[in-house]
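Participant:
In the working numbering, the protein residues as written are -19 to 324.
So this is what it looks like as C-alpha cells:
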C-alpha cells in the first residue's frame, strides 16, 4: 500500500482528494492534473480516494486508496479538495495549504437533484478561506461573489492530438447522432437531446442514435436510441466520434462540457444549448441554440447544407487551438504557487 510519504523525490508535494473513481470526465480531469504536475521538476502529486484505481484509465499515476478522512496528509505541501463534502479536511489539517478544484458549483444543482437543504452547507464550504481554481472563466466569476479567497482560472487539460486523425479523415461511413451524458441528472439535457435526435431521424431515417452513458438507463430512456453503450473508457471515445455526423448536447447546466471540445477536435459539428459555459467552450462565433426546436432546425440545416457543415466544422477546429496543454500547465503551476503564497 502506497502512502503519501513515499513521494519525496520532488520538493512540492500535492495530494488531490477525490470522492470516488467512477468513470467520468470529472474524475479523469483530476488524474490529468496529477499527470501534468508529475511531469514537471517542481511537483510530485498523488490522488487519495476511497475508490479503487480506475481500471478504465490508460496510464498509471501515484494513488492511495483510503478514506480521505483517514489519510495521512502530513507530507503534503498542498491539499487539493474536489467536492464540498471534504470541508472537514480543512479543519483536520490546520497547518496545511489548501486549494479547491471546482468543475461545477454544486449549489447550482441542488434544486434539480431534490436536495435544496444542502445549499447552505455548500455555500459555507466555498466561504472557507482558501483559494479556488476553476475549469472555466464563467465558474471563476460565479465564485468570486462567494469567497474572499483568490479564484483562479486554470482551464481544462485537453490533448487534441488523440482526435486529430479523426478530424483529418473523410466522412465516409459516418451515420451516428451522438448523445453523451447521464440521463439521471436532468440538467444534462439527455432527454431533450434524445427528443431532438428522434425528430431528426424522421427526416434522415438512415441516421443512428448512439448513446454513451455512465450507467445503465436503458429502461428509463425507453428505446429512444439505436445503440446504447455503458461506461466507455476515455481511450475508446475517439471510435464513437469517428462514426458521428453530429453531437447533440442540450444540457442547461454544466461545469465544462468536455464532449463539445472532443467533438470539435474530431471535426464534428456540435448542436448544443446556448448557455454561458458552452458559449465559453465553443467561442463567440459558434452557432448555439436557445431550445430544442431551434436545435432541430439547425441540425437539419447542417445535414442538408454541405457548405454550412464544413464552415461549422472549421470553426470548431479553430476554437480547439485555444485549448493547448502548455497554457493549461502554466495556469495550473501558477495556481499552486498562489495557494502556497496565500497559505492559511
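The C-beta atom is built at its ideal place from N, Cα and C for all residues, glycine as well.
State whether the segment 159 to 166 contacts the segment 225 to 232, with contact taken as three or more CB pairs (one from each stretch) at a distance under 8 Å.
Facilitator: Contact holds: three or more Cβ-Cβ distances are below 8 Å.
Participant: Could you name the residues of the same chain whose beta carbon sits closer than 7 Å to that of residue 278, not counting the 5 residues immediately before and after it, in chain order?
Facilitator: Residue numbering aside, residue 278 sits at position 298 when the chain shown is read from its first letter. Result list for residue 278: 251, 267 and 269, in chain order.
Participant: For residue -8, collect the residues of the same chain with a Cβ closer than 8 Å to its Cβ; drop the 5 residues on either side in sequence, then sort them by chain order.
Facilitator: Indexing the chain shown from 1 puts residue -8 at position 12. 22, 23, 24, 57, 58, 316 and 320, listed in sequence order.
Participant: Please confirm whether residue 85 and residue 69 have their CB atoms less than 8 Å apart.
Facilitator: Counted from its first residue, the chain shown places residue 85 at position 105. Counted from its first residue, the chain shown places residue 69 at position 89. No, these two residues do not count as a Cβ contact at 8 Å.
Participant: Tell me which residues share the same chain as residue 142 and place their Cβ nearer than 7 Å to its Cβ, disregarding the 5 neighbours each side in the sequence.
Facilitator: Here residue 142 refers to the residue found at position 162 of the chain shown. So the list reads 218, once near-sequence residues are dropped.
Participant: By Cβ distance, which residues of its chain are closer than 7 Å to residue 318, with the 5 residues on each side in sequence left out?
Facilitator: Walking along the chain shown from the start, residue 318 turns up at place 338. These residues qualify, in order along the chain: 111, 130 and 132.
Participant: Give the straight-line distance between the Cα atoms of residue 239 and residue 122, rounded to the nearest whole angstrom.
Facilitator: For the purposes of this step, residue 239 is identified with residue 259 of the chain shown, where counting begins at 1. For the purposes of this step, residue 122 is identified with residue 142 of the chain shown, where counting begins at 1. So the two alpha carbons sit approximately 22 Å from each other.
Participant: Please classify residue 210 as buried or exposed, where buried requires at least 16 other C-beta atoms within 10 Å of its C-beta.
Facilitator: Position 230 of the chain shown holds residue 210. With fewer than 16 other Cβ atoms within 10 Å, it is exposed.
Participant: If I measure Cβ to Cβ from residue 296 and keep anything under 6 Å in the same chain, skipping five residues before and after, which residues do I get?
Facilitator: As a position in the chain shown, residue 296 is number 316, starting the count at 1. Closer than 6 Å at the Cβ level, and outside the excluded window around residue 296, lie 244.
Participant: Round the Cβ separation of residue 127 and residue 164 to the nearest angstrom and send it over; I've been treating them as touching at under 8 Å.
Facilitator: Within the chain shown, the letter at position 147 stands for residue 127. Within the chain shown, the letter at position 184 stands for residue 164. That pair is no contact at about 30 Å.
Participant: In chain order, what residues of the same chain have a beta carbon less than 8 Å from the beta carbon of residue 38, not counting five sequence neighbours either side?
Facilitator: By 1-based counting over the chain shown, the position of residue 38 is 58. Same-chain partners within the cutoff: 213, 214 and 215.
Participant: In angstroms with no decimal places, state the Cα-to-Cα distance between residue 253 and residue 171.
Facilitator: Residue mapping note: residue 253 aligns to position 273 of the chain shown, counting from 1. Residue mapping note: residue 171 aligns to position 191 of the chain shown, counting from 1. Taking the straight line from one Cα to the other gives about 13 Å.
Participant: Roughly how many angstroms separate the alpha carbons of residue 343 and residue 19, rounded to a whole number?
Facilitator: Residue 343 falls outside the range modelled here, since the chain spans only -19 to 324, and no answer is possible.
Participant: Do residue 105 and residue 64 have their beta-carbon atoms positioned less than 8 Å apart in this structure?
Facilitator: To locate residue 64, count along the chain shown from 1; it is residue 84. To locate residue 105, count along the chain shown from 1; it is residue 125. The answer is yes: Cβ separation under 8 Å.
Participant: Counting C-beta neighbours from all protein chains within 10 Å, is the total for residue 234 16 or more, i.e. buried, or is it exposed?
Facilitator: Position 254 of the chain shown, counted from the start, is the residue given in the question as residue 234. Under this definition residue 234 is a buried residue.
Participant: Under the three-state reduction of DSSP, which class applies to residue 24: helix, strand or coil?
Facilitator: Here residue 24 refers to the residue found at position 44 when the chain shown is read from its first residue. Residue 24: strand per DSSP, three-state reduction.
Participant: For residue 37, report the span of its beta strand (DSSP E) as first-last.
Facilitator: Here residue 37 is taken as the residue at index 57 of the chain shown, counted from 1. From DSSP, residue 37 is part of no beta strand (DSSP E); its letter is neither H nor E.
Participant: Quick one: is residue 134 buried, meaning 16 or more other Cβ sit within 10 Å of its Cβ, or exposed?
Facilitator: Looking up residue 134 in the chain shown gives position 154. Buried, by the Cβ-count rule.
Participant: Measure the alpha-carbon distance for residue 237 versus residue 205 and round it to whole angstroms.
Facilitator: As a first step, residue 237 is located in the chain shown; it is residue number 257 there, counting from the start. As a first step, residue 205 is located in the chain shown; it is residue number 225 there, counting from the start. Rounded to the nearest angstrom, the two C-alpha atoms are 21 Å apart.
Participant: Would residue 45 pass as a contact of residue 54 if the rule is Cβ separation under 8 Å?
Facilitator: As a position in the chain shown, residue 45 is number 65, starting the count at 1. As a position in the chain shown, residue 54 is number 74, starting the count at 1. No; because the gap between Cβ atoms is not below 8 Å, this pair is not in contact.
Participant: Roughly how many whole angstroms lie between the Cα atoms of residue 73 and residue 274?
Facilitator: One-based indexing of the chain shown puts residue 73 at position 93. One-based indexing of the chain shown puts residue 274 at position 294. Spanning the two alpha carbons is a distance of roughly 51 Å.
Participant: Return the first residue and the last residue of the beta strand (DSSP E) that residue 81 is part of.
Facilitator: Here residue 81 is taken as the residue at index 101 of the chain shown, counted from 1. It spans 77 to 82 - the beta strand (DSSP E) in which residue 81 sits, taken as one unbroken run.
Participant: For residue 45, name the three-state secondary structure that DSSP assigns.
Facilitator: In the chain shown, residue 45 corresponds to position 65, counting from 1. Three-state result, residue 45: strand.
Participant: Just to check my reading of the structure: residue 179 and residue 276 have Cβ atoms closer than 8 Å, yes? What is that Cβ distance to the nearest angstrom?
Facilitator: As a first step, residue 179 must be located in the chain shown, where it is residue number 199. As a first step, residue 276 must be located in the chain shown, where it is residue number 296. Sure, about 5 Å apart at Cβ, within 8 Å.
Participant: I'd like the list of long-range same chain contacts for residue 223, defined as Cβ closer than 8 Å, with 5 residues on each side in sequence excluded.
Facilitator: As a working mapping, residue 223 is identified with position 243 in the chain shown. Correct list, in chain order: 153, 154, 155, 156, 158 and 190.
Participant: DSSP beta-bridge partners for residue 253?
Facilitator: Counting from 1 along the chain shown, the entry for residue 253 is found at position 273. Answer by DSSP bridge pairing, in chain order: 269.
Participant: Roughly how far, in whole angstroms, is the beta-carbon of residue 167 from the beta-carbon of residue 289, given that I think they are within contact range, below 8 Å?
Facilitator: Reading the chain shown from its first residue, position 187 is the one you call residue 167. Reading the chain shown from its first residue, position 309 is the one you call residue 289. About 29 Å; that fails the 8 Å criterion.
Participant: Measure the Cβ-Cβ separation of residue -3 and residue 17 and say whether it is below 8 Å.
Facilitator: Taking the chain shown and counting its residues from 1, one reaches residue -3 at position 17. Taking the chain shown and counting its residues from 1, one reaches residue 17 at position 37. No, the pair does not count as a contact, with Cβ atoms beyond the cut-off.
Participant: With DSSP collapsed to three states, give me the class of residue 168.
Facilitator: Position 188 of the chain shown, counted from the start, is the residue given in the question as residue 168. Correct three-state label for residue 168: helix.
Participant: Following the continuous alpha helix (DSSP H) through residue 106, name the residue where it begins and the one where it ends.
Facilitator: Here residue 106 corresponds to residue number 126 of the chain shown, with the count starting at 1. 99 to 106 is the span of the alpha helix (DSSP H), which, as asked, contains residue 106.
Participant: Could you check where the alpha helix (DSSP H) with residue 120 kicks off and where it finishes?
Facilitator: On the chain shown, position 140 is the one that residue 120 refers to. Its alpha helix (DSSP H) spans residues 117 to 124.
Participant: Along the alpha helix (DSSP H) that carries residue 327, what are the first and last residues, could you check?
Facilitator: Residue 327 lies beyond the stretch modelled for the chain, which goes from -19 to 324, so this question has no answer here.
Participant: Measure the C-alpha to C-alpha separation of residue 247 and residue 175 and round it to an integer number of angstroms.
Facilitator: As a first step, residue 247 is located in the chain shown; it is residue number 267 there, counting from the start. As a first step, residue 175 is located in the chain shown; it is residue number 195 there, counting from the start. In a straight line, the C-alpha of residue 247 is about 24 Å away from that of residue 175.
Participant: Please classify residue 220: is it buried, with 16 or more other beta-carbons within 10 angstroms of its beta-carbon, or exposed?
Facilitator: Locating residue 220 in the chain shown gives position 240, where the first residue counts as 1. It counts as buried.
Participant: Whole angstroms are fine: how far does the CA of residue 71 sit from the CA of residue 30?
Facilitator: Translated into the one-based positions of the chain shown, residue 30 becomes position 50. Translated into the one-based positions of the chain shown, residue 71 becomes position 91. Going from the Cα of residue 30 to the Cα of residue 71 covers about 20 Å.
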